[in-house]
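Accompanying notes for the structure given below.
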Amino acid sequence: MQKQIVYIHGGDSFESHESYLKYLKETEFSVDWFVKKKKWKETLAEELRDEFQVFMPDMPCKQNANYEEWKIWFEKMIPFINDGVILIGHSQGGIFLAKYLSENNYPKRIGAVMLVAPVYNNTPEVGNFMVEKSLKSVSDQCSEIHLFFSKDDFVVPFSEMEEYKKELPNAKFHIFEDRGHFLQETFPEIIEEIKKIG
Numbered sequence: 039m040q041k042q043i044v045y046i047h048g049g050d051s052f053e054s055h056e057s058y059l060k061y062l063k064e065t066e067f068s069v070d071w072f073v074k075k076k077k078w079k080e081t082l083a084e085e086l087r088d089e090f091q092v093f094m095p096d097m098p099c100k101q102n103a104n105y106e107e108w109k110i111w112f113e114k115m116i117p118f119i120n121d122g123v124i125l126i127g128h129s130q131g132g133i134f135l136a137k138y139l140s141e142n143n144y145p146k147r148i149g150a151v152m153l154v155a156p157v158y159n160n161t162p163e164v165g166n167f168m169v170e171k172s173l174k175s176v177s178d179q180c181s182e183i184h185l186f187f188s189k190d191d192f193v194v195p196f197s198e199m200e201e202y203k204k205e206l207p208n209a210k211f212h213i214f215e216d217r218g219h220f221l222q223e224t225f226p227e228i229i230e231e232i233k234k235i236g
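The opening residue of the sequence shown carries number 39 in my numbering; numbering runs sequentially from there.
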């Protein structure tokens with residue numbers, strides 16, 4: 039059976055529709071939004087394609103993400119997933135996996151969960167992605183848990199790491215000084231960790 043990775047991207051969520059509309063009205067456009075740049079998820083898929091089948095679903099309405107919609111879409115993949123899957127969540131995708139696995143028993147054996155710059159509950163911008171249960175169930179379902187944080191992240195405060203440390207004391211934490219929100223083209227450290235698991 040082919041080894042697999044499921045990568046869940048980030049997004050934005052809001053505590054109310056009014057907050058979302060305010061965001062749309064007040065956010066200034068940047069030319070960078072219109073220039074497609076290669077990011078590490080594409081590099082990861084290219085570098086591991088001989089060893090892994092990499093799923094990178096486009097989650098619904100990422101600009102105004104809703105947990106229930108993401109849950110439905112995520113569960114549609116389950117029939118195609120093999121035991122030993124590695125689940126990777128970046129930013130909003132990280133809190134999505136944390137919440138999902140805290141509330142649900144994934145029907146396949148999980149080889150590892152990797153959360154990259156995952157937001158936690160300390161901001162109203164998590165919307166209905168707020169984790170309401172202990173993350174013990176996440177640990178119970180995974181052989182390994184890795185979390186990646188950067189001290190200069192301009193989206194997710196570095197202090198969010200402490201919340202995850204309390205909930206996931208046996209996880210391995212990878213701390214960087216200069217990765218921002220992990221939007222770079224390459225991420226050799228995560229590839230190295232994946233290869234150790236696979």
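All C-beta atoms, glycine included, are put in the ideal place defined by N, C-alpha and C. All values derive from a computational prediction rather than experimental measurement.
Under the three-state reduction of DSSP output, Tyr-202 falls in the helix class. Three or more Cβ pairs closer than 8 Å define a contact, and the region 88 to 103 falls short of that threshold against the region 142 to 159. At least 8 Å separates the beta-carbon of Leu-135 from that of Ser-177. C-alpha of Lys-171 to C-alpha of Leu-139: approximately 10 Å in a straight line. In the structure shown, Val-69 adopts helical secondary structure according to DSSP, grouped into three states.
Rounded to whole angstroms, the separation of the alpha carbons of Pro-117 and Leu-221 is 30 Å. Collapsing the DSSP output to three states places Lys-189 in coil. Contact check for Glu-215 against Ser-181 fails: the beta carbons are separated by 8 Å or more.
Separation of Met-39 and Leu-125 (C-alpha to C-alpha, rounded to the nearest whole angstrom) is 17 Å. Counting only the Cα atoms, Ile-119 lies some 26 Å from Lys-76. Note on geometry: alpha-carbon atoms of Thr-224 and Glu-230 lie some 12 Å from one another.
Uninterrupted beta strand (DSSP E) stretches at least 3 residues long and entirely within the region 45 to 131 occur at 90 to 93, 123 to 128, given in chain order. With respect to the C-alpha of Ile-46, the residue from Val-73, Leu-86, Phe-67, Tyr-105 having the closest C-alpha is Tyr-105. For Lys-210, the uninterrupted beta strand (DSSP E) segment begins and ends at 210 to 214.
For Val-154, no alpha helix (DSSP H) run applies; the uninterrupted beta strand (DSSP E) run containing it begins and ends at 148 to 154, by DSSP. In the DSSP secondary-structure assignment, Gln-42 is bridged to Gln-91. The Cβ-Cβ distance between Val-123 and Lys-146 falls below 8 Å.
His-184 is bridged by DSSP to Met-152, Lys-210. By the neighbour-count criterion, in which a residue is buried when 16 or more other Cβ atoms sit within 10 angstroms of its Cβ, Met-115 is exposed.
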